[in-house]
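Novice: So the protein sequences, as listed, match chains X and R. All residue numbers in the first sequence are consecutive under the working numbering, ending with 179. All residue numbers in the second sequence are consecutive under the working numbering, ending with 358. The structure under discussion is supplied below as structure tokens; questions concerning it will follow.
Number of protein chains: 2
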Amino acid sequence: MSLRHALLGLLAQGPASGYDLMKLFEISLANVWPATQSQVYAELGRLAEAGLIKVSAEGPRGRKEYAIEEGGLAELRHWVTEVEPTAIRRSDMLLRVFFLGQVHREQARAFMRRRAEASGELHERLKSLQDIVARGDDDLSVYGRIAMEWGLRFSAMQREWAEWAENEIARGQEGRISS
Amino acid sequence: MSLRHALLGLLAQGPASGYDLMKLFEISLANVWPATQSQVYAELGRLAEAGLIKVSAEGPRGRKEYAIEEGGLAELRHWVTEVEPTAIRRSDMLLRVFFLGQVHREQARAFMRRRAEASGELHERLKSLQDIVARGDDDLSVYGRIAMEWGLRFSAMQREWAEWAENEIARGQEGRISS
DNA sequence: ACGGACATGTAATCGGTTACATGATTAC
DNA sequence: GTAATCATGTAACCGATTACATGTCCGT
């Protein structure tokens, strides 16, 4: 139930409407916790009902601005520091790796080559995003930079792994695998 | 809809019952695609109805052994080689990083220290698992090793990142962040 | 005889995705 | 006037989780 905490986290930086929050998701959290519009509005309703946030202002077009309450801040801090992050992570990429024995060895190598390529592209994309992102020493910059660094290291690691793997598969020589 | 392909992948290695498949999940795919018992039985029913697998034998206690069909193999191979793996990955760990500005700097450092620790433990756990896993040159060993290598590199990368991050936070000095 | 493993299923609930639906305000 | 943007909501569906429910076979 992390969408709830993503919303609390954004509201902790200041009041916002559902519409504002959607835009914030798109620019800041899109890569770590994507959310859809229907989801955001529904969860805001639940959060308000639970008393963790409240409608702080109403504007034109039925705009409702929400502000975080003390209970919401407490819940956010508790979740950040005391709830252990999820350990297991589904990966349909690694799932495919397990079944690479079902295709020709050359196809398996092409799979790895493509993975290396995609990771390289991600790495470049993040690097150019990094240049745009604020380089200040405020909280958001410090922690945003730390999250960004994870992405850079991850994409680099995955690219190197895929290249290593392509090579590893080649060592087994050509021909058909199984069947 | 990857559970479907996980099942096809396992059945591609040979016929099995729902019960067998559950055990296979636990030992081999638990870390990349966990599945529950109810899910497995339900999906087997759907796969059989779609003609991608069929009941190949019936045994005691209502045991139904499933075997993969040609259509199932084709679907599996198509999914492995031609369907692009999911790019975005949710991470409630990184989501927490974004909101670390909401807690004391010392708590943020403790968070990173704990992450480094957990990644180190994961790394060790995988290393000992590696020693147990078959070291042959058959398909499953080759590709199992490649997936394992990903885990080793990932956990190492994450540990190094967390240590770097803990340091990075320290550079901003002590005291309260925001609020 | 009995316990543990084998074996299959259903029901309720939840979080997430996609699509649909509607309307108000503002800038040009 | 009108198009873009602002703004909120509902409904159907899907995959995954948790809990419940039931019964059989095998080894000792």
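Each residue gets a CB set at the ideal place from its N, CA and C atoms; glycine is no exception.
Can you pull the chain R neighbours of X/Phe25, defined as C-beta to C-beta under 7 angstroms?
Specialist: The contacting residues do not exist; X/Phe25 stays about 11 angstroms from chain R at best.
Novice: Candidates X/Asn31, X/Ala12, X/Leu100, X/Gln13: which alpha carbon is nearest X/Met148's?
Specialist: For X/Met148, the nearest C-alpha among the options comes from X/Asn31.
Novice: Give me the Cα-Cα distance between X/Glu75 and X/Glu163, rounded to the nearest whole angstrom.
Specialist: Cα to Cα, X/Glu75 sits roughly 43 angstroms from X/Glu163.
Novice: Tell me whether the beta-carbon of X/Phe98 lies closer than 7 angstroms to the beta-carbon of R/Tyr322.
Specialist: Yes.
Novice: If you measure from the beta carbon of X/Pro85 to each beta carbon in chain R, is any gap under 7 angstroms?
Specialist: Closer than 7 angstroms to some Cβ of chain R, the Cβ of X/Pro85 qualifies, so yes.
Novice: Could you check how far apart the C-beta atoms of R/Thr260 and X/Gln107 are, in whole angstroms? I think they sit under 8 angstroms.
Specialist: Confirmed, about 5 angstroms.
Novice: Using a beta-carbon distance below 7 angstroms, is R/Ile311 in contact with chain X?
Specialist: By this cut-off, R/Ile311 is not an interface position.
Novice: Could you work out which residue in R/Phe290, R/Asp199, R/Asp318, R/Gly224 is closest to X/Arg105 when comparing CA atoms only?
Specialist: For the residues R/Phe290, R/Asp199, R/Asp318, R/Gly224, the minimum Cα distance to X/Arg105 belongs to R/Asp318.
Novice: According to DSSP, is X/Ser179 helix, strand or coil?
Specialist: Note that X/Ser179 has pLDDT 38, beneath the 50 cutoff, so the model's placement of it is unreliable and the number below is only indicative. Coil.
Novice: Beta carbon of X/Glu43, beta carbon of X/Arg77: below 7 angstroms?
Specialist: Contact: no.
Novice: Looking only at its chain, what residues have a beta carbon closer than 7 angstroms to the beta carbon of R/Leu200, apart from the 5 residues adjacent to it on each side?
Specialist: These residues qualify, in order along the chain: Leu186, Leu189, Val219.
Novice: One question on the structure: do X/Ile53 and R/Pro213 come within less than 7 angstroms of each other, judged by their Cβ atoms?
Specialist: No, they are not a contact pair.
Novice: Below 8 angstroms on the Cβ atoms is my contact criterion, and I expect R/Leu252 with R/Ala191 to pass it. Report the Cβ-Cβ distance as a whole number of Å.
Specialist: Sure, about 6 angstroms apart at Cβ, within 8 angstroms.
Novice: Are the CB atoms of R/Met336 and X/Arg153 nearer to each other than 7 angstroms?
Specialist: Taking 7 angstroms as the Cβ cut-off, R/Met336 and X/Arg153 qualify as a contacting pair.
Novice: Taking Cβ-Cβ distances shorter than 8 angstroms, what residues in chain R pair up with X/Arg90?
Specialist: By Cβ distance, chain R contributes Ser181, Val211, Trp212, Pro213.
Novice: On the DSSP letters alone, give me the boundaries of the alpha helix (DSSP H) that R/Ile247 sits inside.
Specialist: That residue, R/Ile247, is in no alpha helix (DSSP H); its beta strand (DSSP E) goes 243–247.
Novice: Let's test the definition: count the other Cβ atoms within 10 Å of the Cβ of X/His1 and tell me whether it reaches 16, buried, or not, exposed.
Specialist: Residue 1 of chain X is actually Met in this sequence, not His. Answer is exposed; the Cβ neighbour count stays below 16.
Novice: Assign R/Ala295 to buried or exposed, taking buried as 16 or more other Cβ atoms, counted over all protein chains shown, within 10 Å of its Cβ.
Specialist: Buried, by the Cβ-count rule.
Novice: Where R/Gly241 and R/Val234 are concerned, what is the direct C-alpha to C-alpha distance, given to the nearest angstrom?
Specialist: Each residue's alpha carbon lies about 12 angstroms from the other.
Novice: Tell me the DSSP secondary structure of X/Glu26 in three-state form.
Specialist: Here X/Glu26 sits in helix by DSSP.
Novice: Assign X/Ile53 to one of three DSSP states: helix, strand, or coil.
Specialist: Strand at X/Ile53.
Novice: For R/Glu347, which residues in chain X fall below 9 angstroms Cβ to Cβ?
Specialist: Near R/Glu347 (Cβ distances below 9 angstroms), the residues of chain X are Val142, Arg145, Ile146, Glu149.
Novice: Quick one: Cα of R/Gly197 to Cα of R/Gly230, how far?
Specialist: Taking the straight line from one Cα to the other gives about 17 angstroms.
Novice: Along the stretch 278–302 of chain R, what residues have a CB closer than 7 angstroms to any CB found in chain X?
Specialist: Residues passing the 7 angstroms Cβ filter: Phe278, Leu279, Gly280, Gln281, Val282, Gln286, Phe290.
Novice: For a contact meaning CB atoms closer than 8 angstroms, what does X/Gly45 contact in chain R?
Specialist: Correct list: empty, because the minimum Cβ distance to chain R is about 21 angstroms.
Novice: Using only the alpha-carbon positions, how far apart do X/Glu166 and X/Arg113 sit?
Specialist: Going by the C-alpha atoms only, they are around 7 angstroms apart.
Novice: Whole-angstrom Cβ separation of R/Trp258 and X/Trp150, contact assumed at under 8 angstroms?
Specialist: At roughly 29 angstroms, the Cβ-Cβ gap does not stay under 8 angstroms, so R/Trp258 and X/Trp150 are not in contact.
Novice: Out of X/Met93, X/Phe111, X/Ser28, which has the shortest C-alpha to C-alpha gap to X/Ile132?
Specialist: It is X/Ser28.
Novice: Report, in whole angstroms, the separation of the C-beta atoms of X/Gly120 and X/Arg159, which I expect to be a contact under 8 angstroms.
Specialist: Confirmed, Cβ separation roughly 5 angstroms.
Novice: Within its chain, find whatever has a CB closer than 6 angstroms to the CB of R/Ala279; leave out the 5 residues flanking it on each side and keep chain order.
Specialist: One point to set straight first is that residue 279 of chain R is Leu, not Ala, in the sequence displayed. Closer than 6 angstroms at Cβ, skipping near neighbours: Ala287.
Novice: Taking just the CA atoms, how far does R/Gln281 sit from X/Gly45?
Specialist: Cα-Cα distance, rounded: 23 angstroms.
Novice: If the cut is a Cβ gap below 7 angstroms, which residues of chain R does X/Ala6 touch?
Specialist: Residues of chain R passing the Cβ test: Leu274.
Novice: Put R/Ser298 into one of helix, strand or coil per three-state DSSP.
Specialist: Helix.
Novice: Mapping the DSSP letters down to three states, classify R/Ala287 as helix, strand or coil.
Specialist: Of the three classes helix, strand and coil, the one that applies to R/Ala287 here is helix, per DSSP.
Novice: Kindly list the residues whose CB is nearer than 6 angstroms to the CB of R/Leu226, restricted to its own chain and excluding five residues on each side of it in sequence; keep chain order.
Specialist: Correct list, in chain order: Ile232.
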